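Structure below.
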């Protein structure tokens, strides 16, 4: 029983990380083809705007629409394919995630223009994104109910996240507007 839970979480994580790696390679290829390392400024601006809009939506000043997706029902008994496919689908949808740090990584990947670098950084990002899932799975396997303590702290954690995004968004937009030279001179 323990083995099934852990293998299921790892299958999900593998699907997530593989798609993140492929997307990283595609973004790097796009940056190489377009030949615009300065495209990173646009990605930074987009990430900063997304972060601000997320904060405004949390405090009720702006309605941020959510995408809905019905996952296909995969019936393959005795396999971990459903968990793998769920990881693939979630990773493919993660491109629009309001995580401004993702946009910093994408800007680096795009400006690198290296497919290998893009694939590697995307894959490592995918592994990092699944770390909490693996941690919660391991805790549940030893009998710790994480969701009970999470549900009592969810408002506090959302407020901390929201106010942490404000300076990150400010930095991303400022960096996008004034560029790398401004940032290097300011430090």
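Residue numbers (this note's numbering): 330 to 516.
Glycine is no exception: its CB is placed at the ideal position from the N, C-alpha and C atoms.
The structure presented is a predicted model; accordingly, all values stated were derived computationally and were not measured.
Check, Outcome
"With three or more C-beta pairs closer than 8 Å as the rule, is the stretch 330–342 touching the stretch 451–466?", "yes"
"With distance defined between alpha-carbon atoms, name the residue in 333, 332 and 347 nearest to residue 458.", "347"
"So what's residue 390 in DSSP terms, helix, strand or just coil?", "coil"
"Which residue marks the beginning of the alpha helix (DSSP H) containing residue 454, and which one marks its end?", "444–470"
"Taking 8 Å as the threshold, find out whether the stretch 492–503 comes into contact with the stretch 375–391 through three or more Cβ pairs.", "yes"
"What's the gap between the Cα of residue 518 and the Cα of residue 374?", "No answer is possible for residue 518: the residues shown for the chain start at 330 and end at 516."
"Beta-carbon separation of residue 413 and residue 343 under 8 Å?", "yes"
"For residue 376 versus residue 433, is the C-beta distance shorter than 8 Å?", "yes"
"Give the straight-line distance between the Cα atoms of residue 447 and residue 441, rounded to the nearest whole angstrom.", "8 Å"
"Once the 5 residues before and after residue 370 are set aside, which same chain residues still bring their CB inside 7 Å of it?", "505 and 508"
"Give a yes or no on whether 8 Å exceeds the smallest Cβ distance from residue 508 to chain D.", "The structure shown contains no chain D; it is built from a single protein chain."
"From this set, 430, 498 and 334, which residue's C-alpha is nearest residue 408's C-alpha?", "334"
"Is residue 381 helix, strand or coil when you go by DSSP?", "helix"
"Classify residue 499 as buried or exposed, calling it buried when 16 or more other Cβ atoms lie within 10 Å of its own Cβ.", "exposed"
"When the Cα atoms are used, what is the spatial distance from residue 436 to residue 443?", "12 Å"
"Give the C-beta separation of residue 455 and residue 350 to the nearest angstrom, bearing in mind that I take them to be a contact with Cβ-Cβ under 8 Å.", "6 Å"
"Run through DSSP, which three-state label would residue 503 get?", "helix"
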